[in-house]
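Numbering (our numbering), first residue to last: -18 to 410.
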């Protein structure tokens, strides 16, 4: 089942030429297009399916700084500042609210992770509150949490995936951007090593700069250009409940589940731990580069065989600009949700929060997350191809980073001073 996302209708006119083409209508692509349109650039946002159709409309909706890889903290801090003003800048509701996020721990291993999170937060000047069992009970009255300690960032927040990317896309259109949905970009044209145009299924758009924000499709697109982008796909499952009174007022993540209050009074719920990694020939080809990460996170990863194995075998790795591409064969990645995993998550949530016992589930959905070997995104100029910026591999962290990542990609594409140092996001790392 696909989650319900605010519909964005594409424009019918294909522009002959623009300053910048953004490939991908997720939170990062829409953020990049919005920022560029605000700068007065001629922008075309091109999406093969629909805006926020994949992971940007399927994630948990957390907007956090705490608990990130060290490389992401500066971008996370700047992104939260941007989130704060997006409702006004887009003249639409992204669902963003400051509401606080808590990480809680029960086992020794979880406590050790929490200590590392606290140390990193202090390093970057984040105000975090350490919580003992009594503080957790006071923060979540009526709960039956078995966690012994926690950390809270009271000024982190959350937003609604169903609203955020569509708000940015429409905001970009208000400022002159062209939105093309149901329109796949097949490849790029170049002149003397410089991007000169994008080739779409509806025609050619001349340009001098392109941002590739294609999520889990980025490796395939780059491969056709001769660029080796390390990236694998992992599968996620999420549900949302009907409105219910008496549940937690803050987002909470522990070793068993994640839960977030929604604007509609319901909750977004997912299972934490044992993330399924789809085992395909492409994953095996990349195994040496991912071996260290797989070993380090072996308790959180489960290699799975599913229909993606056959799909990978059938998917062409190269094509010409006049050929039907994999992006047209599959407009939206829409995997089935994993019912057993979600049922377990909901049981654990209902045990911890009795108010949710027997709550109605309104939607269940699956999603595909793009992951790099070190779990840190790539935001970088493409090697050997001037004018192409790659922004992908957010490894489940992309929604909260979206506004900052989109702006950073736009700054790289236009040669402007960057929001943060982009060095930690180099492809060649």
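Cβ coordinates follow ideal geometry from the N, Cα and C atoms, glycine included. Because the structure is a prediction, the values reported are computed rather than measured.
C-alpha gap between residue i and residue j, whole angstroms
i	j	result
residue 147	residue -11	6 Å
residue 6	residue 114	42 Å
residue 326	residue 367	46 Å
residue 112	residue 132	6 Å
residue 321	residue 348	16 Å
residue 71	residue 265	43 Å
residue 227	residue 175	57 Å
residue 121	residue 19	41 Å
residue -1	residue 126	54 Å
residue 103	residue 109	8 Å
residue 107	residue 47	8 Å
residue 217	residue 232	18 Å
residue 117	residue 73	35 Å
residue 24	residue 157	7 Å
residue 189	residue 1	7 Å
residue 37	residue 130	31 Å
residue 410	residue 364	12 Å
residue 431	residue 397	Lying outside -18 to 410, the shown extent of the chain, residue 431 is not represented and no answer is given.
residue 400	residue 225	40 Å
residue -3	residue 277	49 Å
residue 254	residue 237	7 Å
residue 230	residue 21	40 Å
residue 421	residue 142	Outside the displayed span of the chain (-18 to 410) sits residue 421, for which this structure offers no information.
residue 184	residue 10	20 Å
residue 313	residue 164	12 Å
residue 319	residue 171	43 Å
For residue i, three-class secondary structure by DSSP
i	result
residue 216	strand
residue 252	strand
residue 68	helix
residue 324	helix
residue 264	helix
residue 41	coil
residue 295	helix
residue 98	helix
residue 9	helix
residue 125	coil
residue 355	coil
residue 91	helix
residue 300	coil
residue 59	helix
residue 307	helix
residue 316	coil
CB of residue i within 8 Å of CB of residue j, strictly
i	j	result
residue 15	residue 149	yes
residue 267	residue 215	no
residue 219	residue 173	no
residue 31	residue 315	no
residue 97	residue 135	no
residue 27	residue 161	yes
residue 203	residue 371	yes
residue 261	residue 293	yes
residue 299	residue 205	yes
residue 64	residue 140	yes
residue 123	residue 333	no
residue 239	residue 223	no
residue -5	residue 191	no
residue 377	residue 360	no
residue 50	residue 357	yes
residue 405	residue 52	yes
residue 179	residue 166	yes
residue 13	residue 194	yes
residue 354	residue 274	yes
residue 385	residue 56	yes
residue 60	residue 374	no
residue 177	residue 187	yes
residue 35	residue 196	yes
Residues that residue i bridges to, as DSSP identifies them
i	result
residue 349	216
residue 134	82
residue 112	131
residue 233	83, 240
residue 1	24, 190
residue 360	372
residue 449	The first residue shown for the chain is -18 and the last is 410, placing residue 449 beyond what the model contains.
residue 330	BP columns for residue 330 are empty, so no partner.
residue 401	DSSP, once it has assigned bridges, lists no residue as partnering residue 401.
residue 285	259
residue -15	None, per the DSSP bridge assignment.
Beta carbon proximity, residue i to chain B, threshold 8 Å
i	result
residue 176	Although the question refers to chain B, the structure presented lacks it and comprises just one protein chain.
In chain order, each beta strand (DSSP E) run of at least 3 residues that lies wholly inside the stretch 127 to 211: Correct list: 130 to 134, 159 to 161, 166 to 172, 175 to 181, 184 to 187, 190 to 193.
Runs of beta strand (DSSP E) lying entirely within the stretch 363 to 394, each at least 3 residues, in chain order: 369 to 373
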